[in-house]
Structure formats: structure tokens, C-alpha cells
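Here the structure is laid out as C-alpha cells; the discussion comes afterwards.
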Amino acid sequence: MVTCINDAFFPETGKAVLRLLQRLGVAVDFPEAQTCCGQPMVNTGYIDEAVPAVRQFTKAFAGYDAIVTPSGSCAGSARHQHKLVAERSGEVGLADAVAEVSPRVYELSEFLVDVLGVTDVGAAFPHKVTYHPTCHSLRMLGVGERPLQLLRAVRDIDLVELPAADQCCGFGGTFAVKNSAVSTAMGQDKIDHVASTGAEYLVAGDNSCLMHIGGMMSRQSTGVQTIHLAQILASTKVMAQ
22 MVTCINDAFF PETGKAVLRL LQRLGVAVDF PEAQTCCGQP MVNTGYIDEA VPAVRQFTKA
82 FAGYDAIVTP SGSCAGSARH QHKLVAERSG EVGLADAVAE VSPRVYELSE FLVDVLGVTD
142 VGAAFPHKVT YHPTCHSLRM LGVGERPLQL LRAVRDIDLV ELPAADQCCG FGGTFAVKNS
202 AVSTAMGQDK IDHVASTGAE YLVAGDNSCL MHIGGMMSRQ STGVQTIHLA QILASTKVMA
262 Q
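Letter by letter, the sequence shown follows residues 22 to 262 in my numbering.
Written out as C-alpha cells, the structure is:
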């Protein structure tokens with residue numbers, strides 16, 4: 022499950038997931054019938070409008086052993102919001118389809134650590150990195166230390182702790198649009214903490230958050246680059262600067 026934002030703006034993340042999983046011996050398929058998980062509609066109160074997206078999701082991903090996504094946000098939507106949407110719809114069979122598909126949705130680090138049982142994926146990344154745990158992965162999914170376990174096993178990486186890491190970056194989907202001043206202030210706090218680490222890269226499991234933080238850092242010419250967890254885990258050599 023590549024997610025809308027990755028498909029539109031960050032295709033290299035989806036490609037990295039494919040390379041990583043294939044390297045680990047996983048047979049990967051990409052159902053082209055997949056669309057949005059419906060989270061933007063649910064988060065803004067348009068639950069009825071999310072029904073077609075949830076219906077299509079269950080059809081596109083039916084029959085797979087696992088649905089892996091490089092997004093705690095979208096995994097959280099599938100695992101928690103889809104049930105609410107299905108129940109509200111009253112649509113015959115949709116609740117059953119959600120109950121069948123949703124439990125098989127995994128955020129990438131969950132799948133690697135819990136399903137495949139690996140933390141050392143054979144990655145190498147000789148750079149100074151700090152990790153931002155995104156809100157949905159941290160609070161809705163409870164991924165905990167899984168991403169850090171994976172990062173600590175990466176060869177040659179210099180992983181430094183991010184101060185106040187559990188604080189929201191201020192993106193929050195439509196929150197950043199409706200409450201731009203607050204969102205920007207929260208983003209600035211996050212940037213200040215990132216800068217204090219001296220890291221070359223800020224890594225996270227959601228490109229939506231990285232887009233928000235990275236956009237602000239770019240405009241301020243901080244020199245810090247953003248990178249998705251999947252891209253580090255898929256890397257086996259020094260990345261071009």
C-alpha cells in the first residue's frame with residue numbers, strides 16, 4: 022500500500038519498500054486498484070464520503086497475507102477508522118470485509134520486526150541521523166521502539182536522540198491548513214530540536230510529517246535533509262549528497 026502522498030510526491034519511498042522486502046525474500050504485489058484509504062475524509066468529519074474509499078480498499082487488498090505500508094498514519098486509518106466507516110454505512114458485507122482485511126495492515130516497521138522477525142535488514146547508511154516518531158505511529162499504532170531497533174542495526178549509522186521527540190511536528194493533515202499559525206509554531210519547535218542534534222538527516226516513518234518539517238527546514242536553509250525510514254533500510258551504500 023504505497024499511500025496517496027507517496028504515490029504523488031515521494032515515489033522513491035515506495036520503490037525502497039519494494040527493494041527492501043524483496044531483499045528479505047518477501048513476494049510483493051502492487052494492486053493497481055488501490056486508492057486513498059479515506060483518512061482525509063474521516064479526519065475532517067466526512068465519514069459517509071469515506072465509504073467508497075474503504076469499500077475499494079477492502080476489494081483491492083482482499084486475499085493478501087499482509088498489507089504493508091510506509092505510513093503509520095494510513096495504517097492507523099485502515100486498522101481503526103475503517104471499522105467506524107463500515108459500521109456507520111450500514112452497507113451489507115462492508116463491515117465483514119473490513120474485519121477480514123484491516124487486521125492484516127502493517128506499518129513497515131511492525132511488519133519487519135513482528136511478522137518477519139528481523140531487525141538487521143542488511144542496511145548501511147554512514148551518516149548522522151535523528152529519528153522523529155510520528156503521532157499516528159506513536160499513539161494510534163504503538164510502534165514504540167521498532168523503528169529505532171531497525172535503525173540501530175544499520176551499519177555505519179550515527180543515530181542521535183532527538184530532544185522532545187514525542188512532540189507533534191504540527192502537520193496533522195488538514196490541521197496544518199486550518200490552523201496554519203499553530204502548525205508553523207509547532208514545526209519550528211521541531212526544527213530547533215533537530216538542529217540541536219547536528220544530524221545530517223531527519224528520518225521518520227511518514228512522509229507527510231517529513232514534507233511539513235522538510236519544507237520549513239528547506240526555506241530556512243538548515244542543510245538538514247529528510248529521509249523516510251524505508252529508504253535508509255533499503256540503502257546498502259553511501260548515498261549521493
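The C-beta atom is built at its ideal place from N, Cα and C for all residues, glycine as well.
1. Between the region 217-234 and the region 27-43, do three or more beta carbon pairs fall short of 8 Å?
2. Looking at the structure shown, is E19 part of a helix, part of a strand, or coil, going by DSSP?
3. If we count Cβ pairs, one from each stretch, closer than 8 Å, do we get three or more for the region 203-219 versus the region 174-187?
4. Nearest to A220 by alpha carbon, out of E108, H148, V23 and R173?
5. According to the neighbour-count rule (16 or more other Cβ atoms, all chains shown, within 10 Å of its Cβ), is A261 buried or exposed?
6. Starting from L180, follow the beta strand (DSSP E) in both directions and report where the run begins and ends.
7. How many whole angstroms separate the CB atoms of L171 and L254, which I take to be in contact at a CB cut-off of 8 Å?
8. I need the DSSP call for H101, collapsed to helix, strand or coil.
9. May I ask which residues mark the beginning and end of the beta strand (DSSP E) holding Q246?
10. Evaluate F192 with the Cβ neighbour count: other Cβ atoms within 10 Å of its Cβ, from every protein chain shown; 16 or more gives buried, anything less gives exposed.
11. Can we say the region 110-122 touches the region 42-50, given the rule of at least three CB pairs closer than 8 Å?
12. Would you mind stating whether M161 and G226 have Cβ atoms separated by less than 8 Å?
13. Cα-Cα, which of V23, A74, M237 and H249 is closest to C190?
14. Using C-beta distances below 8 Å, list every residue in its chain close to A206, excluding the 5 sequence neighbours before and after it, in chain order.
15. Where does Q252 land, buried or exposed, given buried means 16+ other C-beta within 10 angstroms?
16. Kindly identify the DSSP beta-bridge partner or partners of A225.
17. Run through DSSP, which three-state label would A74 get?
18. What residue range is occupied by the uninterrupted alpha helix (DSSP H) comprising V18?
19. Tell me where the beta strand (DSSP E) around I26 begins and ends.
20. So what does T151 bridge to, in DSSP terms?
Let me spell this out:
1. Flag = yes, the region 217-234 and the region 27-43 touch.
2. Because the chain in this structure spans residues 22 to 262, residue 19 falls outside the shown range and cannot be described.
3. Result yes; three or more Cβ-Cβ pairs closer than 8 Å.
4. Of the candidates E108, H148, V23 and R173, H148 places its Cα closest to the Cα of A220.
5. Since pLDDT at A261 reaches only 45, below the 50 mark, its modelled position is unreliable, and the value read off the structure follows with that caveat. Answer is exposed; the Cβ neighbour count stays below 16.
6. Per DSSP, L180 belongs to the beta strand (DSSP E) from D179 to V181.
7. Sure, about 6 Å apart at Cβ, within 8 Å.
8. DSSP places H101 in helix when its eight states are reduced to three.
9. For Q246, the enclosing beta strand (DSSP E) stretches over residues Q246 to H249.
10. With 16 or more Cβ atoms within 10 Å of its Cβ, F192 is classed as buried.
11. When Cβ pairs closer than 8 Å are counted between the two stretches, the region 110-122 is seen not to touch the region 42-50, the count staying below three.
12. When the beta-carbon positions are compared, M161 and G226 stay at least 8 Å from each other.
13. Nearest of V23, A74, M237 and H249 to C190, Cα basis: M237.
14. Answer for A206: G191, listed in chain order.
15. Q252 is buried by the Cβ-count criterion.
16. DSSP output for A225 lists H249 as bridge partner(s).
17. The answer is helix: DSSP assigns A74 an H, G or I state.
18. Within the shown structure, residues of the chain are numbered from 22 to 262, placing residue 18 beyond reach of any answer.
19. That residue, I26, is in no beta strand (DSSP E); its alpha helix (DSSP H) goes C25 to F30.
20. BP columns for T151 point to V181 and L223.
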